[in-house]
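Enquirer: According to my numbering, the stretch in the sequence shown is residues 41 to 291, in order. Idealized CB from N, CA, C, for every residue including glycine. So that we are looking at the same thing, I have put the structure below in structure tokens.
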Amino acid sequence: MAEENKPKDDKDKAKAHKFYKSALTLLLKAEIPFLVGGGFALKLYTGIERDTKDLDIFCKSGDCPSILKLLSDKGYDTELVDARWLAKARKEEHFVDFIFSNPSNQIPVDDGWYERAAESELFDLKLKFISPEDLIRCKIYVQNRERYDGSDINHTLLKYGDKLDWKLIWSSLEQHWQLLMAQLLSFQFVYPSERDIIPRWLFDELMKRARETYDMPPPTEKICRGPLIDQTQYGTDVTDWEYKAITIRTV
């Protein structure tokens, strides 16, 4: 039965890839800046290949309307799913996600993303991909019940950690250093023999921050930062337990 299904799977995969290439070709010809992310970026940095249900394209929020108009004019069904971070374009069962931030608007796409971008080929097209640092920054906020991207980060650290700009990662995640510390501890748990991939200066700084937290008085306001990493599972905290949610960064 598995062999009977395989040709159909390969056919569906080829059809999806043809759809992705068509959309990417339109964007290239229109010279609208964009970056490839998601599973294809993960493959670039780790070698891990997996079936993807969509193509993740990152762009600046100001470029998203032009992208949607372009594809709409070419017969795609387009939708601004969430004005904070996400739009879609689809034909039949295939679709492309256009991402210009994350749900809590912690990491909006800006010029720095393009400056750090890597160049590679996909579907015989020369494209720019989000940097491994931005891949990590995106995924560290994905910790919900339906999807947790911690393993993707661990694999990126394992295969690309010696080439990462760790100072950039630290400066961009310093506000939420606990998330970074938790991820690096997870990495050390998964790969105890690869401990030294994590720079000692960074780990020392995180440990210092953790110790100093207990030298400070506890916050007087009941804050729940859970919605920053999971937009559905912390509703009870806000509606019933009287916590104030921090969800969206003001820009």
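What's the call for Lys55, buried or exposed, on a 16-neighbour Cβ count within 10 Å?
Expert: Against the sequence shown, residue 55 aligns to sequence position 15. Exposed: under 16 other Cβ atoms inside 10 Å.
Enquirer: Can you grab the Cα-Cα spacing for the pair Phe163 / Lys69, in whole Å?
Expert: Taking the sequence shown and counting its residues from 1, the one referred to as residue 163 is at position 123. Taking the sequence shown and counting its residues from 1, the one referred to as residue 69 is at position 29. Cα to Cα, the separation comes out at about 15 Å.
Enquirer: Out of Asp277, His134, Leu82, which one is the CA nearest neighbour of Ser62?
Expert: Along the sequence shown, one-based indexing puts residue 62 at 22. Answer by Cα proximity: His134.
Enquirer: Would you call the CB atoms of Glu234 and Leu175 closer than 9 Å?
Expert: For this step, residue 234 is matched to residue 194 along the sequence shown. For this step, residue 175 is matched to residue 135 along the sequence shown. No, the Cβ-Cβ distance between Glu234 and Leu175 is not below 9 Å.
Enquirer: When the cut-off is 9 Å and only beta carbons count, does Ile139 lie next to chain C?
Expert: In the structure shown, chain C does not exist; there is a single protein chain.
Enquirer: Is it buried or exposed for Tyr274, if we count other Cβ within 10 angstroms and need 16 for buried?
Expert: If you number the sequence shown from 1, residue 274 lands on position 234. Buried, because 16 or more other Cβ atoms sit within 10 Å of the Cβ of Tyr274.
Enquirer: What is the DSSP secondary structure of Ile170, counted as helix, strand or coil?
Expert: If you number the sequence shown from 1, residue 170 lands on position 130. Note: Ile170 maps to coil in three-state DSSP.
Enquirer: How many angstroms separate the CA atom of Val230 from the CA atom of His195?
Expert: One-based indexing of the sequence shown puts residue 230 at position 190. One-based indexing of the sequence shown puts residue 195 at position 155. Distance between the alpha carbons of Val230 and His195 is about 10 Å.
Enquirer: DSSP on Gln7, reduced to helix/strand/coil?
Expert: In the structure as shown, the chain starts at 41 and stops at 291, and residue 7 therefore has no counterpart that could be examined.
Enquirer: Assign Thr118 to buried or exposed, taking buried as 16 or more other Cβ atoms, counted over all protein chains shown, within 10 Å of its Cβ.
Expert: Counted from its first residue, the sequence shown places residue 118 at position 78. Flag for Thr118 reads buried.
Enquirer: In whole angstroms, what is the alpha-carbon distance linking Ala157 and Asp236?
Expert: Counted from its first residue, the sequence shown places residue 157 at position 117. Counted from its first residue, the sequence shown places residue 236 at position 196. Rounded to whole angstroms, Ala157 to Asp236 spans 26 Å at the Cα level.
Enquirer: Skipping 5 residues on each side, what residues in its chain have a beta carbon closer than 6 Å to that of Thr92?
Expert: Within the sequence shown, numbered from 1, the residue matching residue 92 stands at position 52. The residues are Gly79.
Enquirer: Applying the criterion that 16 or more other CB atoms from any shown protein chain within 10 Å of the CB defines a buried residue, is Ile286 buried or exposed?
Expert: By 1-based counting over the sequence shown, the position of residue 286 is 246. Result: exposed.
Enquirer: Can you tell me whether Ile263 is buried or exposed? The criterion is at least 16 other CB atoms within 10 Å of its CB, across all chains shown.
Expert: For this step, residue 263 is matched to residue 223 along the sequence shown. So Ile263 ends up on the exposed side.
Enquirer: Leaving aside the five residues before and after Val121 along the sequence, list all residues of the same chain whose C-beta is less than 8 Å from its C-beta, in chain order.
Expert: Position 81 of the sequence shown holds residue 121. Around Val121: Ala127, Lys128.
Enquirer: Looking only at its own chain, which residues have a Cβ that is under 6 Å from the Cβ of Lys46, when we skip the five neighbours before and after it?
Expert: Position 6 of the sequence shown holds residue 46. Reliability of the predicted coordinates at Lys46 is poor, the pLDDT of 44 falling under 50, and the value obtained from them is presented with this limitation in mind. Cβ neighbours of Lys46 beyond the five flanking positions: none.
Enquirer: On the three-pair Cβ rule with 8 Å, is the region 71-78 touching the region 166-184?
Expert: Touching, yes.
Enquirer: Spatial neighbours of Lys48 within its chain, please: CB distance less than 7 Å, with the 5 preceding and 5 following residues excluded, ordered by chain position.
Expert: Taking the first residue of the sequence shown as 1, we reach residue 48 at position 8. Legend: pLDDT at Lys48 = 49, less than 50; position of this residue unreliable, no value from coordinates given.
Enquirer: For Leu64, I'd like the list of residues in its chain whose CB is within less than 6 Å of its CB, leaving aside the five on either flank, ordered along the chain.
Expert: Locating residue 64 in the sequence shown gives position 24, counting from the first residue. Here the set comprises Leu165.
Enquirer: Could you tell me the alpha carbon to alpha carbon distance between Arg265 and Lys284, rounded to whole angstroms?
Expert: On the sequence shown, position 225 is the one that residue 265 refers to. On the sequence shown, position 244 is the one that residue 284 refers to. Distance between the alpha carbons of Arg265 and Lys284: 8 Å.
Enquirer: What does Cys264 pair with, by DSSP beta-bridge criteria?
Expert: In the sequence shown, the residue the question calls residue 264 occupies position 224. DSSP output for Cys264 lists Ala285 as bridge partner(s).
Enquirer: Does the distance from the CB of Tyr292 to the CB of Pro239 come in under 9 Å?
Expert: The structure shown does not extend to residue 292, since the chain is modelled only from 41 to 291, so the question has no answer here.
Enquirer: Does the Cβ-Cβ distance between Leu66 and Ile97 come in under 9 Å?
Expert: Taking the sequence shown and counting its residues from 1, the one referred to as residue 66 is at position 26. Taking the sequence shown and counting its residues from 1, the one referred to as residue 97 is at position 57. Result no, Cβ atoms of Leu66 and Ile97 do not sit closer than 9 Å.
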